[in-house]
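K.L.:
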Amino acid sequence: MENRQDIADWLDEHQHRFTQLSDEIWANPEVAFREFKSSKLQADFLAAEGFAITWDLGGISTAFVAEWGDGKPVIGFAGEYDALPGLSQKEST
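In structure tokens:
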């Protein structure tokens, strides 16, 4: 991918995969530091796209870094998706 349009086209083409991943995580809420299924789903998704996965960051077994390529630019994302105890995780309608 060499430009923004290539990236936008790729995202559009694979939108259904992102939605499926999001729906799977939403349907199986996990509390903080116990996001075992959710983190594995995300890591597996990224590994299938060629990312190298490194687990157990900072002593947190569900934390991982996914790396692809080298050089610049370096782009980072942080995901926060734990279910909070005592709060509803049900979808609003």
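Add 20 to a position in the sequence shown, counting from 1, and you land on the number used in our numbering. C-beta atoms are modelled at their ideal positions from N, C-alpha and C, and glycine is treated no differently.
Glu-1 lies in the beta strand (DSSP E); which residues open and close that run?
P.N.:
Look at the range of the chain in this structure, 21 to 113, and you will see that residue 1 is not part of it.
K.L.:
With a cut-off of 8 Å on the beta carbons, I'd call Glu-50 and Lys-57 a contact; round off their distance for me.
P.N.:
6 Å
K.L.:
In whole angstroms, what separates the C-alpha of Gln-80 from that of Trp-30?
P.N.:
A quick correction: the sequence has Ile, not Gln, at residue 80. Ile-80 and Trp-30 have their C-alpha atoms roughly 32 Å apart.
K.L.:
Between the beta-carbon of Gln-62 and the beta-carbon of Gly-99, is there less than 9 Å?
P.N.:
Pairing Gln-62 with Gly-99 gives a Cβ-Cβ distance under 9 Å.
K.L.:
To the nearest angstrom, report how far apart Phe-84 and Trp-46 are at their CA atoms.
P.N.:
19 Å
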